[in-house]
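Notes to accompany the following structure.
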Amino acid sequence: HQWPSRKINCSWHINLTKPKSSTEVGITSICEEHNHSMLHNVELYASKYQNLTNSMMEDIKFYVTKGNMKAKQIYSLLVAKFSDYAILKKDIYNAIKRFKPSLTS
Numbered sequence: 014h015q016w017p018s019r020k021i022n023c024s025w026h027i028n029l030t031k032p033k034s035s036t037e038v039g040i041t042s043i044c045e046e047h048n049h050s051m052l053h054n055v056e057l058y059a060s061k062y063q064n065l066t067n068s069m070m071e072d073i074k075f076y077v078t079k080g081n082m083k084a085k086q087i088y089s090l091l092v093a094k095f096s097d098y099a100i101l102k103k104d105i106y107n108a109i110k111r112f113k114p115s116l117t118s
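Our numbering runs 13 ahead of the 1-based position in the sequence shown.
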């Protein structure tokens, strides 16, 4: 299938195949064209670089368990408090999930 990116309609794609009878993955087609520049600051987006500090995690735990705050409010507070860090909303959502179960106990 050729599914362009929903956000910028980039046509880059790769199609792979792995027959059941094989242990190897093969490339059937590749389109290397991009209609945008490539990111040079991958550390802002690559998951291995996305870490909330211990202080951020403590704040999130407090906001969730004591303040019953939602992600939007927590995100705004953390961005204001930790302005030197790239904080992604998905990291906030994942952190909130860690602390939500403690509300029911």
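Where a beta carbon is used, it is the ideal one built from N, C-alpha and C, also for glycine.
Residue range of the alpha helix (DSSP H) that includes residue i
i: Ser68; result: 67–78
i: Asn107; result: 102–112
Backbone secondary structure at residue i - three-state DSSP
i: Leu90; result: helix
i: Ser18; result: Confidence is the limiting factor: at Ser18 the pLDDT is only 49, short of 50, which leaves the residue's position unreliable and the question unanswerable from this model.
Endpoints, the beta strand (DSSP E) within which residue i is located
i: His26; result: 26–30
Rounded C-alpha distance that separates residue i from residue j
i: Asn81; j: Asp97; result: 26 angstroms
i: Cys44; j: His26; result: 5 angstroms
i: Asn67; j: Ala108; result: 11 angstroms
i: Leu90; j: Lys103; result: 15 angstroms
Supposed close pair residue i, residue j - CB separation, criterion 8 angstroms
i: Asn28; j: Thr41; result: 5 angstroms
Closest Cα partner of residue i within the set the options
i: Gly39; options: Lys31, Glu71, Leu65; result: Lys31
i: Ile100; options: Met51, Ala84, Ser24; result: Ala84
i: Phe112; options: Asn64, Gln86, Lys33, Phe75; result: Phe75
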